[in-house]
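Only one structure is covered here, and it is reproduced in the block below.
In the working numbering, the protein residues as written are 1 to 473.
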C-alpha cells in the first residue's frame, strides 16, 4: 500500500503544485443529490400542486387508503415510508436512477425532481358524463289504441270454449277441406250385403268329415269295401302252414325294399309267427340287395322266439335270374356247404332228420316281393324245379298291391297262392283268430282325433266368417 506524500512531509513537485485541480464531477454530483424524500410528503406536494385538480373537499371523497397515507407522520424514516409505499402500492414502478453524468443537474431545493414517479392509480378518478342517459326524453304512459292492442294480443280460451272468431275460422277450414276431399276422392259404390249361406265347398267338407269320423268310430262300416281276393287266399295260406311241423323246412325269399315295409311287414310278421309256432326249419335267401335289411330283421324276430326251429341265413346272392337258376340246380350242395355260423343256433335245417339234398326236399317256398320282375324270375327259374317233386312244393307269393296286377296270371298256376295288399295281413290274422286289436284301435283313435280336429277348425272358421260379415254389414 502506498502512503500519502503530504503526510510524509515531502514537498510537492513543481509541475504538480502549479497544476489546476478540477473538481470531481462524480463527487459534485453526489454532494448535490438531496436527501431522500418520503413518499407521503411527495404525494402531498404532488396533490397540492396539481393545476387543474382541486384538493378533495372532505374525507368522504378521499379513498381510505389515500387518507391513511395523508395522515401518516412526516418524520417517518425513509425505510419505513418505503415499506409503507410498497405495501399500499405494490404495483408502483420504481424510480430509475439518473446516469452519473446527469446527477445534480437539477436544483437541490427542487423536491419534485427528486420525488419518485406516482402511479396513475393514486390520481383521483374523473367523473364520467351521464348526459347520454339523463338527457333522454321521458314519455309518460297514456292510453293504448284498441286496434293495436287487438292486433298483438291473442284472445285466450275461457271456460273450455272457442271464441266467436275462432269458431268462424274453424267453420271456414272445414268447408274448404270438405270441398277439396269431395273433388278428389273417387266415388265407390257400396257393396250390397251378401247373404250368409253355406257354399258347396263347405257342404262337401262337412260330408267328408262325417264319413271319416263314422268310419273311425265304427269299423264295421268299412267291411263291405274290403277286397275279397285277399280274404279268399288268406285261409289257403294259413291252412298250408298249419299242416307243417318240426320235420319240415321252408324257404323264405326276401325280394322287397325296406321302403315297402308298411305294406309287407304286417303279413311277413304274421307268417313268421305262425311258422315259429309250428317249429318249422327256415332257410333265408335274397337275390335283391335291398332285401338284406328285411332278412336281418326276420333273424332278430326268430331269435326271440324260443319255440322256433333251426334257421339258416344264406344272405344275398348276386346275379338276379342267374342266381335263382343256380339255386334251383344246386340248392342241396349250397345248404350243405353253409358254415355253422350261418345258422342262428348252430343247427342246420333237417328234413325228417336228414340233410336237404335238393330244392324238392323243401316243404314250401314263400316269396316276399314288391316288383313284378322278381315274381317273374321265381316263377320261371325256381317254380319248374319245385313242381318235379311228388307232391309239388307249394309256392306262396306275398306281393304289394301294385305288383299284384302283373303277378295275377302266375297265381292261376297249380300250387301257387298269392296274397296282395295291406288287407292280406288282416285276413291272415282273422283266419288264425289272432286279431291285432291294439294296432287297429290305435289307428282308429288317431283317425278319430284327426277328424274331430278338422271338424273343430271348420266350425271355428265358419263362425268367424259369419261374425265378420255381420259386423261389416
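Note that CB positions come from ideal geometry on N, CA and C, so glycine has one too.
For clarity, every value in this text was computed on a predicted model and none was experimentally measured.
1) Just to confirm my understanding: we take residue 15, look at its own chain, exclude 5 residues before and 5 after, and list those with CB closer than 7 Å. What are they?
2) Comparing C-alpha positions only, which one of 384, 300, 417 and 206 sits nearest to residue 457?
3) By Cβ distance below 8 Å, which residues in the same chain neighbour residue 332 in space, the five residues on each side in sequence not counted?
4) Touching or not, the stretch 284-295 and the stretch 243-254, by the rule of three or more beta carbon pairs under 8 Å?
5) Can you give, in chain order, each stretch of the alpha helix (DSSP H) that sits fully within the stretch 230-284 and has at least 4 residues?
6) Near residue 257, which residues of its chain fall below 8 Å by C-beta distance, leaving aside the five closest residues on each side in sequence?
7) Count the other CB atoms within 10 Å of the CB of residue 375; is the residue buried (16 or more) or exposed (fewer)?
8) Cα-Cα, which of 173, 266, 166 and 163 is closest to residue 427?
9) Does the distance from the C-beta atom of residue 237 to that of residue 419 stay below 7 Å?
10) Can you give the Cα-Cα distance for residue 324 and residue 283, rounded to whole angstroms?
11) Among the residues of its own chain, which have a CB less than 7 Å from the CB of residue 372, if the five just before and after it don't count?
12) Just to confirm, are residue 309 and residue 279 a CB contact at a threshold of 7 Å?
13) Would DSSP call residue 356 helix, strand or coil?
14) So the alpha helix (DSSP H) residue 406 belongs to, where does it begin and stop?
15) Quick check on DSSP: helix, strand or coil for residue 373?
16) Quick one: what's got a C-beta closer than 7 Å to residue 275's C-beta in the same chain, skipping five residues either side?
17) Closest by CA to residue 277, which one among 245, 260, 264 and 259?
18) Sort 465, 423 and 467 by Cα distance to residue 235 and report the nearest one.
19) What are the boundary residues of the alpha helix (DSSP H) that includes residue 417?
20) Would you report the Cα separation of residue 429 and residue 248, rounded to the nearest angstrom?
21) With 16 as the cutoff for other CB atoms within 10 Å, does residue 268 come out buried or exposed?
22) Return the CA-CA distance between residue 417 and residue 466, expressed in angstroms with no decimal places.
23) Could you tell me how far apart the beta carbons of residue 452 and residue 213 are, in whole angstroms, since I believe they sit closer than 8 Å?
24) Do residue 454 and residue 475 have their beta-carbon atoms positioned less than 7 Å apart in this structure?
25) Pull up the CB-CB distance for residue 364 and residue 393, whole angstroms please, since I reckon it's below 8 Å.
26) Using only the alpha-carbon positions, how far apart do residue 161 and residue 468 sit?
27) Grouping DSSP H, G and I as helix and E and B as strand, with all else coil, what is residue 161?
28) Tell me whether residue 328 sits in a helix, a strand or coil according to DSSP, three-state version.
29) Under the three-state reduction of DSSP, which class applies to residue 106: helix, strand or coil?
30) If you draw a straight line from the alpha carbon of residue 172 to that of residue 202, how long is it in whole angstroms?
31) With distances taken Cα to Cα, identify the nearest neighbour of residue 301 among 271, 464 and 320.
32) What residue range does the alpha helix (DSSP H) around residue 424 cover?
33) Grab me the residues of residue 204's own chain with a C-beta within less than 8 Å of its C-beta, minus the 5 sequence neighbours each way, in chain order.
34) By the 10 Å Cβ neighbour count, where 16 or more other Cβ atoms means buried, how is residue 303 classified, buried or exposed?
35) If I'm right that residue 425 touches residue 385 with Cβ under 8 Å, what's the distance once you round it to whole angstroms?
To lay it out plainly:
1) none
2) 206
3) 355, 356, 357, 358, 359 and 361
4) yes
5) 261-278
6) 288, 290, 291 and 370
7) buried
8) 266
9) yes
10) 14 Å
11) 403, 406 and 407
12) yes
13) coil
14) 401-407
15) helix
16) 241, 250 and 282
17) 245
18) 423
19) Where residue 417 is concerned, there is no enclosing alpha helix (DSSP H), although the beta strand (DSSP E) it sits in stretches over 416-420.
20) 22 Å
21) buried
22) 59 Å
23) 7 Å
24) Not covered by the structure: residue 475. The range shown for the chain is 1 to 473.
25) 7 Å
26) 41 Å
27) strand
28) helix
29) Its pLDDT being 44, under 50, residue 106 is placed unreliably by the model, and the measurement read from it follows with that caveat. The answer is coil: DSSP assigns residue 106 none of H, G, I, E or B.
30) 55 Å
31) 271
32) 423-432
33) none
34) exposed
35) With a Cβ gap of about 30 Å, residue 425 and residue 385 do not count as contacting.
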